[in-house]
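Every number in the numbering used here is 1 more than the matching position in the sequence shown, counting from 1.
Take a look at the structure set out below.
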Amino acid sequence: STGTRWKSALGRYLKRALTKREAQWVLDGSMKESDLANHSTFTLSPAGVEFHFAPYAVGPYAQGDFHVVVPHAILRPYLHKTGPLIHWAK
Numbered sequence: 002s003t004g005t006r007w008k009s010a011l012g013r014y015l016k017r018a019l020t021k022r023e024a025q026w027v028l029d030g031s032m033k034e035s036d037l038a039n040h041s042t043f044t045l046s047p048a049g050v051e052f053h054f055a056p057y058a059v060g061p062y063a064q065g066d067f068h069v070v071v072p073h074a075i076l077r078p079y080l081h082k083t084g085p086l087i088h089w090a091k
């Protein structure tokens, strides 16, 4: 169902992006896709949804913070066709 597929798609995207950035706790498997998809610190931007991971969220403090922009194209299939976000995600 669309109710859970969006979380899977989001978790996969975040995991790939954070793996590329070598976030230690993503690389070692401590942070799962489902954990990443449940992260609640984000902002809406013209490019998509930007997730903000503070130090200690996905890696040790020495790695600093991480930011991942999830493009509109990733989330658009899961948005309600008449909902308010569909206009933002064009």
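C-beta: ideal position from N, C-alpha, C; glycine also.
Since this is a predicted model, take the numbers as computed values, not measurements.
- Annotation: Val-59 to Ser-41 spans about 13 Å, alpha carbon to alpha carbon.
- Inter-residue distance for Tyr-57 and Thr-44 is about 19 Å (C-alpha atoms, whole angstroms).
- In this structure, the alpha-carbon of Phe-67 lies about 12 Å from that of Lys-16.
- Under a 10 Å Cβ-count criterion, Tyr-62 is classified as exposed, with fewer than 16 other Cβ atoms of the shown protein chains found around its own Cβ.
- Looking at Thr-5, Pro-78, Leu-86 and Gly-12, the one whose alpha-carbon comes closest to that of Glu-34 is Gly-12.
- Secondary structure of Gly-84 (DSSP, three-state): coil.
- Positions of the beta strand (DSSP E) runs, each at least 3 residues long and wholly inside the region 24-78, are given as 43-46, 49-54 and 67-72 in order along the chain.
- Pairing Val-70 with Gly-49 gives a Cβ-Cβ distance under 8 Å.
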